[in-house]
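Here the structure is laid out as structure tokens; the discussion comes afterwards.
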Amino acid sequence: MISLAGRDIMHSWGKFVFTGAGLGLLIGVTLSMAGIYRGMVDDAKVLLGNSGADLWVVQKDTLGPYAEPSSIYDDTWRGIRGMPGVARTANVTYLTMQVRQGERDVRAMISGVTAGEPGTPGWPSYLVAGRQITRGHYEAVADVAAGFKLGERIGIRRNSYTVVGLTRRMVSSSGDPMVFIPLKDAQEAQFLKDNDAILQQRRRAAVNPAFNRPGVPGLLDAVIASQSTNPYVNAVLVQVASGHDAEEVAASIRRWKRLTVYTSGQMEEILVGKLIATSAKQIGMFLVILSIVSAAIVAFIIYTLTLGKIREIAVLKLIGTRNRTIAGLIMQQAVALGMIGFVVGKITATLVMAPIFPKYVLLEPLDSVKGFVAVVVICVISSIIAIRAALKVDPAEAIGG
Amino acid sequence: MTGAGIRIEGLRKRYGSGDTAVDALKQVDMQVFPGEVVGLIGPSGSGKSTLLKCLGAVIEPTAGRMILDDEVIYDDGWKVKDLRALRRDSIGFIFQAPYLISFLDVTDNIALLPMLAGKPNAEARGQALDLLKALDVEHRAKAMPPQLSGGEQQRVAIARGLVNRPPVILADEPTAPLDSERALAVIRILNEMARRYETAIIVVTHDEKIIPTFKRIYHIRDGVTYEEAGQGLEF
Ligand SMILES: Nc1ncnc2c1ncn2[C@@H]1O[C@H](COP(=O)(O)OP(=O)(O)OP(=O)(O)O)[C@@H](O)[C@H]1O
Ligand SMILES: [Mg+2]
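Chains as they are written, first to last, in the working numbering: chain A, 785 to 1185; chain B, 311 to 545.
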């Protein structure tokens, strides 16, 4: 027996290829959407992994520092450093803002890192070019996704920084590239008021008789100095000493310091479960819509192709073709359409969408397999309408009036 | 093969019921022997298509008997279970518009029938090619149906009707789209095939060009058949 479906496809291959390609673009978008979600999850894991921290110490009862604002004193780390099981601590700040690069500006997550050597928590763990920050001010290490070049000057608030190093795949959970700068600078960027506000504050302090006492020289200067320092950071990153359990160390910090502490597992849950949950829902909704649209396209095309073959189907039935064979003919065509679509979609997602999409797109083989199964299932289901129409065809129609 | 052709006794067909019932066939008696080509002639609405559909086992008659090759296939009800197999193996169809499958080439249009009956592809194609040769269209064996002329299409359709060696072939206006020369050629082929394959062929026609060629003619009027000797002209 010959394959009727195969012959029909060969005969009208143009229709199949064009429809398949159109369907393929939809499938490509679908696969990319799944890839974007996977990419976000992976970005979150990379963000956590590269921070080099085992524990995140944040303001009490906040989900900081990524999901909620958190601010703690920048000397909190001293107390934590002394606790059993703590190997290293480091202050860190995170602030997403616009970074100027010449005429344009780039949205980036600025991370302030403490001075130290590579391996200090919060430091980018590896560079693709250049070097780490070595000076206490005005140097920056940026992710390549920001588009900065080594030696370039970038502006963060009122200061400008020289890009000395480049990282890869260091992005925030919303996909913004990270820019690392010295902690002091970052604190200033995050908490510094504008000149007018500082002047106003100084003026007010100066006219306040409580601060400006004739008998106490230096009081006003001390007050003004204390007002203009920024003794806050967003979190303290903690490395647990080997041989100690992260959860136990976290529990003791919680007990003694009245702070909230997250292990990397909990942090991942916050990032994936809370921070990107909304995006995940949106992507899920898109996947559902795209599946429905694809199903509608397949159903419509297969139905139209079948209606165009009604006469042939009547003849096939008249000469004794089984209903099963006719249903198989239609279903195989639907599946063939889906396969063409899947191949085109996979190629589009891999070669076109993933490279140009302004976000990390992680195409997991397992997602492709699931996608393929979904496409086949959708095609089989979509062919049901056409199959019903074909089975209703009366072989007497072939004889005519 | 020496079958007994087809015999129809007291066949009746009523469409619908109650007030709207139409008695399309009231009293049909026919017998066509193997090797014979008979004409079935009647005015519009007389029941010709209805009769073909009953014989072709695509609609069910209301009463009567149909005997195909000594096997009772209908006796106030179907006597064979698998009508699909009956159509495939025992009845050949040739239509006015030679309904060929547009996505199969000429050979496979014909070979499809033996394939459906379970023959291996090569054997089925061999049978198809033999018939194409007999009908003088083997040079078009690889062509697609739309590339054929009307006469070639009709010959391919005849080959398809013959390929499973059915004891009976039903032809509905097989010469309507052809000029008289080609129409006569088709009738000549049908006569030849009927003799060669011992097939009983019923040709429904209005075509004045071919009516004189039948030796025997059944007239049908208001669902009743009358037998009549034809001119049986040699041509
Ligand atoms: N499906 C049907 N339902 C009801 N009545 C029908 C049906 N098919 C045919 N008839 C009626 O049965 C009668 C015979 O119809 P049939 O089609 O057999 O005629 P015919 O001889 O083939 O005519 P023509 O030469 O015009 O094709 C007509 O009166 C027709 O209206
Ligand atoms: Mg008719």
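Cβ atoms here follow ideal geometry from the backbone N, Cα and C, with glycine treated the same way. This one's a predicted model, so the numbers in the text were calculated from it and none came from an experiment.
Query, Result
"Should Ser412/B be flagged as near chain A, meaning a C-beta pair shorter than 8 angstroms?", "yes"
"For the segment 1130-1139 of chain A against the segment 806-815 of chain A, do three or more pairs of beta-carbon atoms, one drawn from each stretch, fall closer than 8 angstroms, so that the two count as touching?", "yes"
"For Asp845/A and Met1051/A, what's the separation of their Cα atoms in angstroms?", "14 angstroms"
"Excluding the five sequence neighbours on either side, which residues of its own chain have a C-beta within less than 8 angstroms of the C-beta of Arg505/B, listed in chain order?", "Gly345"
"How would you call Asp838/A, buried or exposed, if buried means at least 16 neighbouring beta carbons within 10 angstroms?", "buried"
"Using the Cβ count rule (16 or more neighbours within 10 Å means buried), how would you classify Lys259/B?", "Outside the shown range of chain B, which is 311 to 545, sits residue 259/B, and nothing can be said about it."
"With a threshold of 7 angstroms on Cβ separation, who are the neighbours of Val534/B within its own chain once the five nearest residues in sequence on each side are excluded?", "Lys336 and Gln337"
"Check Ser909/A in the structure and name its three-state DSSP category.", "coil"
"Kindly indicate if chain B contains any beta-carbon less than 8 angstroms away from that of Ala1158/A.", "no"
"Measuring alpha carbon to alpha carbon, tell me which residue in Gly896/A, Asp960/A and Ile1171/A is nearest Thr1088/A.", "Ile1171/A"
"Between the C-alpha atoms of Gly790/A and Ile1124/A, what's the straight-line distance to the nearest angstrom?", "13 angstroms"
"Who are Asp482/B's beta bridge partners in DSSP?", "Val514/B"
"Quick check: what's the CA-CA separation for Leu378/B versus Gly315/B?", "6 angstroms"
"For chain B, check one thing: does any of its Cβ atoms lie closer than 8 angstroms to the Cβ of Met1051/A?", "no"
"Where does the unbroken beta strand (DSSP E) through Ser895/A begin, and where does it stop?", "Arg888 to Val897"
"Would a C-beta distance cut-off of 8 angstroms place Gly1104/A and Arg398/B closer than the cut-off?", "yes"
"Could you name each continuous alpha helix (DSSP H) segment of 4 residues or more that falls completely within the segment 1059-1135 of chain A, going from the start of the chain to the end?", "1061-1091, 1094-1102 and 1107-1131"
"Does the beta carbon of Ala1173/A sit closer than 8 angstroms to a beta carbon anywhere in chain B?", "no"
"Could you have a look at Arg919/A and say whether DSSP puts it in helix, strand or coil?", "coil"
"Return the chain-ordered list of same chain residues with a C-beta closer than 6 angstroms to the C-beta of Asp385/B, the five sequence neighbours on each side being excluded.", "Arg375"
"Indicate, with yes or no, if ligand 2 has a heavy atom lying under 7 angstroms from the CB of Ser400/B.", "no"
"Would a C-beta distance cut-off of 8 angstroms place Pro902/A and Tyr878/A closer than the cut-off?", "no"
"Taking Cβ to Cβ, would you say Val1161/A is nearer than 8 angstroms to Ile1097/A?", "no"
"Taking 7 angstroms as the cut-off, is the CB of Thr372/B close to at least one heavy atom of ligand 1?", "no"
"Please report how far the alpha carbon of Arg1151/A lies from the alpha carbon of Ala818/A, in whole angstroms.", "Per the sequence shown, the amino acid found at residue 1151/A is Asp instead of Arg. Cα to Cα, Asp1151/A sits roughly 7 angstroms from Ala818/A."
"Can you list, in chain order, the residues of its chain with a C-beta nearer than 7 angstroms to that of Trp388/B? Leave out the 5 residues immediately preceding and following it.", "Glu370"
"Is the beta carbon of Thr1134/A within less than 7 angstroms of some heavy atom of ligand 1?", "no"
"Could you tell me which of Ala1035/A, Ile820/A, Asn875/A and Arg986/A sits nearest to Phe1070/A, measuring between CA atoms?", "Ile820/A"
"State the Cα-Cα distance for the pair Phe802/A and Val1082/A, rounded to the nearest angstrom.", "12 angstroms"
"Output, in sequence order along the chain, the residues in the segment 1098-1127 of chain A whose CB is closer than 9 angstroms to any CB in chain B.", "Ala1098, Val1099, Leu1100, Lys1101, Leu1102, Ile1103, Gly1104, Thr1105, Arg1106, Asn1107 and Thr1109"
"Can you list the residues of chain B that Glu1096/A reaches, using a CB-CB cut of under 8 angstroms?", "Tyr409, Ile411, Ser412 and Phe413"
"Run through chain A and tell me which residues come within less than 7 angstroms of Asp418/B, C-beta to C-beta.", "Ile786"
"To be precise: take each residue of the segment 490-509 of chain B, compare its Cβ to all Cβ atoms of chain A, and keep it if any distance is under 8 angstroms. Which residues remain?", "none"
"By the three-class DSSP mapping on this structure, what secondary structure does Gln541/B have?", "coil"
"Taking only beta-carbon atoms, is Pro1061/A less than 8 angstroms away from chain B?", "Reading the sequence as shown, one finds Ala at residue 1061/A and not Pro. Cβ-Cβ to chain B under 8 angstroms: no for Ala1061/A."
"Does Ile369/B come within less than 8 angstroms of chain E when only Cβ atoms are used?", "Absent here is chain E; the protein component of the structure consists of chains A and B."
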